[in-house]
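Novice: Going letter by letter, the sequence shown gives residues 711 to 1062 in the working numbering.
Glycine residues also receive a C-beta, built at the ideal position from the N, C-alpha and C atoms.
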Amino acid sequence: EDYLQYIKVIDYNKKVVTNDMMQTFLGSRVARFLGNVHPYRHTVYLSRIGESEYVALNKIGGDSPLSAKGRSYALRLAEFADAVVDKQAQAFACVTVDAEQAKNLRRRLANDDGHVVAVGSWEDTVAGDIDDEHNAGRVYEGMQLTRILRDGADAFEDAPSAVDGVLDAVGQGPVTLIFVEPTNPETYTKVFARLWTSALQRATQSVAFFKHPVIRVEDGKVWEQLGHREYRNLNEQYAGEYEGLTGEEIALRQPEEAELRAKDKLGYRYPRGESYYDVIARLDDAIQQLESYQEPVMIVAHLPVLRLLYAYMLGIPREQAPDLKIQDHTVLHLDYDGRGNLRERRYFLAPE
């Protein structure tokens, strides 16, 4: 069979044998991809960046910093990364309690063996779509209160270990509370995790509050947990001549462009800018890397990028990708078990 072109994959990526495939671009790319695919559990966390100043003004593109609301999300995202990605909490909820709800906190909290835990129903605090089957950010009875963000504060702090202390810290409210169900210490195994963002400042600012503990491994080597890597191929879709403009301004200047984009969101290319096809092309290397890793990867990037990554992971046709809904200030937790089953959870961390 030496006269045939073929690729033989043995035990998935343990061994890849190619014959007369590396002489062509397509053949070499297929061989590389198959060499990266593995049948092991793989976890990916996807998050849109926090709201930027341009987004607050309904402008597209650019490289503006985070708005005040975006910075608030960055604080919450760091708490999620610490509790879920690093410490592998079994459940996580970030809820903001307003002044009226704060009056009833005493009947919703209880002391339990040195911790403050939730009791009763917290359905009125659920963020996001309460009917979304993937909404995992609910507070349920027995979850431990671990962190609080007081009204006007610029950082989370450890929650007091008694209800009276929590109520003193909350005051009149509002306050943001972090509840978790810790992982079972008897089954807990430290998980190494990676962090990717785009190279734009609003992306790097979205992860500015992450903790990066150093983990010592064998042979004296160290691993920086959630070590931050910036990749330009995760940048926002480039809007070319329309960078920094609002939709209304574009419609006034060139109304025909809005019609063209509405007809073909996937193929439409901004003047001197990018189309979704262009973004797909530059995501190729990122996906190859993503497939090769067994460690959890957290990706904080922009809507077009996340739509395409989400569509790829769930097997959604790329023609549908530009219309996928990924909410602001939300983390998508995608857990692939290595046997074809994918579990999705969504955590709504939006500041009020």
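1. Would the beta-carbon of Ala846 fall within 7 angstroms of that of Tyr1057?
2. With DSSP as the reference, please indicate the residues paired to Glu940 in a beta bridge.
3. Just how far apart, CA to CA, sit Thr806 and Val794?
4. Taking the alpha-carbon of Gln935 as reference, which of Asn746, Tyr986, Pro1006 has the nearest alpha-carbon?
5. DSSP on Val747, reduced to helix/strand/coil?
6. Does DSSP put Ile997 in a helix, a strand or coil?
7. Secondary structure at Ser871, three-state DSSP: helix, strand or coil?
8. Less than 6 angstroms between the CB of Val932 and some heavy atom of the ligand MN, yes or no?
9. From the DSSP output, in three-state form, read off Glu827 for me.
10. Can you name, in chain order, every residue of its own chain whose Cβ lies under 6 angstroms from the Cβ of Gly950, other than the five neighbours on each side?
11. For Leu962, is the classification buried or exposed, using 16 other Cβ atoms within 10 angstroms of its Cβ as the cut-off for buried?
12. With a threshold of 7 angstroms on Cβ separation, who are the neighbours of Val880 within its own chain once the five nearest residues in sequence on each side are excluded?
13. Pick out whichever of Tyr898, Pro923, Gly862, Asp868 has its Cα sitting closest to the Cα of Pro884.
14. Out of Gln715, Phe743, Lys724, which one is the CA nearest neighbour of Met731?
15. Give me, in chain order, the residues of the same chain whose beta-carbon lies closer than 8 angstroms to that of Lys769; leave out the 5 immediate sequence neighbours on both sides.
16. In terms of residue numbering, what span does the alpha helix (DSSP H) encompassing Ala766 cover?
17. DSSP beta-bridge partners for Phe889?
18. Rounded to the nearest angstrom, what separates Asp1033 and Ala1021 at their Cα positions?
19. When DSSP labels each residue in this structure, what does Glu1054 get in the three-state scheme?
20. May I have the straight-line CA-CA distance separating Lys1035 from Lys921, to the nearest angstrom?
21. Following the continuous alpha helix (DSSP H) through Ala809, name the residue where it begins and the one where it ends.
22. Between the stretch 924 to 944 and the stretch 957 to 977, do at least 3 Cβ pairs fall closer than 8 angstroms?
23. Grouping DSSP H, G and I as helix and E and B as strand, with all else coil, what is Ala741?
24. Which of the three DSSP states, helix, strand or coil, is assigned to Leu1042?
Specialist: Considering the structure as presented:
1. Start at 1 with the first residue of the sequence shown, and residue 846 comes out as number 136. Start at 1 with the first residue of the sequence shown, and residue 1057 comes out as number 347. Yes.
2. Taking the sequence shown and counting its residues from 1, one reaches residue 940 at position 230. DSSP lists Thr907 as partners of Glu940.
3. As a first step, residue 806 must be located in the sequence shown, where it is residue number 96. As a first step, residue 794 must be located in the sequence shown, where it is residue number 84. Taking the straight line joining both Cα atoms gives about 19 angstroms.
4. In the sequence shown, counting from the first residue as 1, residue 935 sits at position 225. Out of Asn746, Tyr986, Pro1006, Pro1006 has the C-alpha closest to the C-alpha of Gln935.
5. Position 37 of the sequence shown, counted from the first residue, corresponds to residue 747. It is coil, neither helix nor strand.
6. Here residue 997 refers to the residue found at position 287 of the sequence shown. Ile997 falls in the helix class under three-state DSSP.
7. Here residue 871 corresponds to residue number 161 of the sequence shown, with the count starting at 1. Three-state result, Ser871: coil.
8. You won't find the ligand MN in this model; it holds no ligand whatsoever.
9. Residue 827 sits at position 117 when you count from the first residue of the sequence shown. The identity of residue 827 in the sequence shown is Val, whereas the question assumes Glu. Of the three classes helix, strand and coil, the one that applies to Val827 here is strand, per DSSP.
10. Along the sequence shown, one-based indexing puts residue 950 at 240. Within the same chain, Gly950 has close Cβ partners Tyr980, Pro981, Arg982, Gly983.
11. Counting from 1 along the sequence shown, the entry for residue 962 is found at position 252. Burial call: exposed.
12. The residue you call residue 880 lines up with position 170 of the sequence shown. Cβ neighbours of Val880 beyond the five flanking positions: Ala812, Leu815.
13. The count along the sequence shown starts at 1 and reaches residue 884 at position 174. Of Tyr898, Pro923, Gly862, Asp868, the residue nearest in Cα terms is Gly862.
14. Walking along the sequence shown from the start, residue 731 turns up at place 21. Nearest C-alpha to Met731: Gln715.
15. Residue 769 sits at position 59 when you count from the first residue of the sequence shown. Cβ neighbours of Lys769 beyond the five flanking positions: Gly954, Leu955, Thr956.
16. As a first step, residue 766 must be located in the sequence shown, where it is residue number 56. It spans 763 to 766 - the alpha helix (DSSP H) in which Ala766 sits, taken as one unbroken run.
17. Position 179 of the sequence shown, counting from 1, holds the residue named residue 889. Beta-bridge pairing links Phe889 to Ala803, Leu855.
18. For the purposes of this step, residue 1033 is identified with residue 323 of the sequence shown, where counting begins at 1. For the purposes of this step, residue 1021 is identified with residue 311 of the sequence shown, where counting begins at 1. Computed Cα separation, rounded: 11 angstroms.
19. For the purposes of this step, residue 1054 is taken as the residue at position 344 of the sequence shown. Correct three-state label for Glu1054: strand.
20. Position 325 of the sequence shown holds residue 1035. Position 211 of the sequence shown holds residue 921. Near 29 angstroms, if we compare the C-alpha coordinates of Lys921 and Lys1035.
21. Taking the first residue of the sequence shown as position 1, residue 809 is located at position 99. 809 to 812 is the extent of the alpha helix (DSSP H) around Ala809.
22. no
23. As a position in the sequence shown, residue 741 is number 31, starting the count at 1. DSSP places Ala741 in helix when its eight states are reduced to three.
24. Position 332 of the sequence shown holds residue 1042. In the structure shown, Leu1042 sits in a strand (DSSP, three-state: E or B).
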